[in-house]
Every structure is written in structure tokens, then in C-alpha cells.
Amino acid sequence: MNRFFAALRLSLFLGLTVGLSVLPALAHAAFVVGDRVFVPMPSVHLREDGYATGMIESISGDKYTVVLRELIPGKGKTLYGTCSPGANSPLAGAEILSDKESEPILRKVFSASELMPWRAGKEEYLERENVATIFYKWLGDGMAITPDRARLGAKRARQLGNSPGVQRMAQALDLAAIEVDNAGGQGFPVGAAQYLGGVSKTLAAVTVIELQEPSSTGDAMRAILDGSLPLQTDDALVMAMAKVLMLVRDNWARLPGELGSSKAAIAWADTPKVLEAYLAALTQSGKVNYRGKDASAWQQAIQAELKAGRWPSLP
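Here the sequence shown is numbered in the working numbering, starting from 366 and rising by one per residue.
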């Protein structure tokens, strides 16, 4: 029975990367029998990458038979898998030589484009993980990194080429750098007034991204904001855009407490500017609705609350 479940877990692992494309062909020295190789199994989330390593057993033309002895599923996954086996997995169709849970062994025929030299593969895996760490640290609280750190992450992501997820991660880190830079805290927490005082430029950057992107990008951002989608999606740029607006909402809500009263927040000089910039980012400069209302309707509803002396929540 234990062998049955071990085999089941192993077979599910072969499909862990369903829906993920294999990294593009990489320049490397010709492989020979006995070489240690790396099989990348990238995720658009980067930090959920998996991989396998093994030795080349034989070569026939441009096909390489590899015996795999190290199998690492993506983080947050187990050998039970999180999706069904599929033909798109780099390990789909592998022969199971041993289903021992602690030491599984597979044999699989690969093309050269599916393999990397072991050292180069491990280095790229670690670099993708480093880039992801920078992004998710910012995503966690919005101010855990400096602008320079975010810009460095974006640069390193672009250097990784076109492997899954990295270019969107680079764009997301560009936006993170703008957000932290305009907050003025160099990665340290700041008060709501200081944060909101510089946030209009950040919101303008979100609006520009929306106008340049397909409509699905802004739609996904709004779905996160209204709770239809979780913050953790398959698109780092969408996550970053939604996170910016969430940070604005949170600081807006804190402003009366920081200034001493709703009356003081209403009278604060930057309140109209922040509201205008937020609604522009939320509605793509008035081109789309949010929760059934256009920008003008939201503006009127919020202004009515302000005139009544009440501090409204941002939509």
C-alpha cells in the first residue's frame, strides 16, 4: 500500500508544471554522457519554481536520455501535486525506475533545449528565487524594500530573459520602486499624511500602465480590489497595481486618526488631489466602471460624504 501511494505521488509530480512552458533554448556547451544536467520547471510566480537534476545516460542524435535522482516540486506544493498530470510538464512520460518516496528515480528522454548545465541551471533557479523574494517582500507590506532594491530586482529580472514570469515581475518591481520612492520612507514605515502626500504620482503610474495594457490587466486589478480575485494571481504586474491601490485605501482610512479628526482630514490640502488620482487609476481615467459606477458617480458620492462632514472609505 505504501508503494502504491509513493507511486501515486510520483506520478502526480510529473504534472506539477502543467501550463508552464519549458525555458527557451539556451546557449551551452554540447552535453556528453555522464554530464550532470538541470531540468528547469519554472513558474510564473518564480518562487514556486521546481526542477530536477540527473546524469546523461546515453545520447542518440539530438536526444538525451537522463536518469533523474533529484526531484524538487515547486514551493508550496507536495508530491501529491496541485494539478493533474499533463503533457506540458517537462517530466511527462518519464519512466519510473524507483518509486521510493525518499529517493525517487526517473528516466526521461529530453531534447537539448529542455536541459541546462547543472551549475548554470542552479544559478538561474537561485536568481529567479532572489528576484521573487524582493517582489513578495514588497507585496507583503508595501514598504519592506528600498527603491534601489526594487530597481535592482527589476534589472536582474530583465537579465533572466524571457523565462516564465520574469518580464512581468520586472514591470511589477518598476512600479514597486515608484511606490516606495514616492512614499518617502526609503523602505521604512511613514505616516498616512506623508504617504498620501506623494502617492498621486504612483497612482498616475498605475493609470499609465492601464492605458498601455490590454483591458484584461485593469479588469484583473479591479477584480482583486472588489474581492472577486485573490491578490496572489498569475500576473505580478496586476498584483502590484492592485497592491498600490490597496495601500492608498489603507492610508486614506488612517488619515483622520493621524490628523485628529475627520474634519481635519477633510480640510487637508491634498485630499482632493489624492481622491482624483485614485479614481483615475481605479477607472482607467474614467473609461471603465467599478462596481457598477463610473468615476463621476464615485466622485459625487464621496464628495457628498465629505460635505456632510463624514470621512468616506475609498471604493
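Even for Gly, the Cβ is constructed at its ideal location relative to N, Cα and C.
Counting every other CB atom within 10 Å of its CB across the protein chains shown gives alanine 645 a total of 16 or more, marking it as buried. The alpha helix (DSSP H) runs of length 4 or more contained entirely in the segment 635-671 are, from start to end of the chain, 636-647.
Taken atom to atom, the span from the alpha-carbon of glutamine 665 to that of valine 564 is near 22 Å. For alanine 673, the number of other beta carbons within 10 angstroms of its own is below 16, and it is reported as exposed.
Nearest Cα to glycine 622 within the set Leu436, Ala515, Thr430, Ala558: Ala558.
Proline 405 sits in a strand when the DSSP states are folded into three classes.
Proline 405 places its beta carbon 7 Å or farther from that of glycine 518. With contacts defined as CB atoms closer than 7 Å, aspartate 584 and arginine 533 fail to qualify as a contacting pair. Looking at the DSSP output, proline 482 shares a beta bridge with Val402. Note on geometry: alpha-carbon atoms of alanine 477 and isoleucine 424 lie some 10 Å from one another. Boundaries for valine 397: no beta strand (DSSP E) harbours it, and the DSSP string shows neither H nor E there. Straight through space, the alpha carbons of proline 469 and serine 463 are spaced by roughly 5 Å. By the Cβ test, the segment 588-596 is not in contact with the segment 514-530, since fewer than three Cβ pairs between them sit closer than 8 Å.
Here glutamate 422 is exposed: its Cβ has fewer than 16 other Cβ atoms, across all protein chains shown, within 10 Å.
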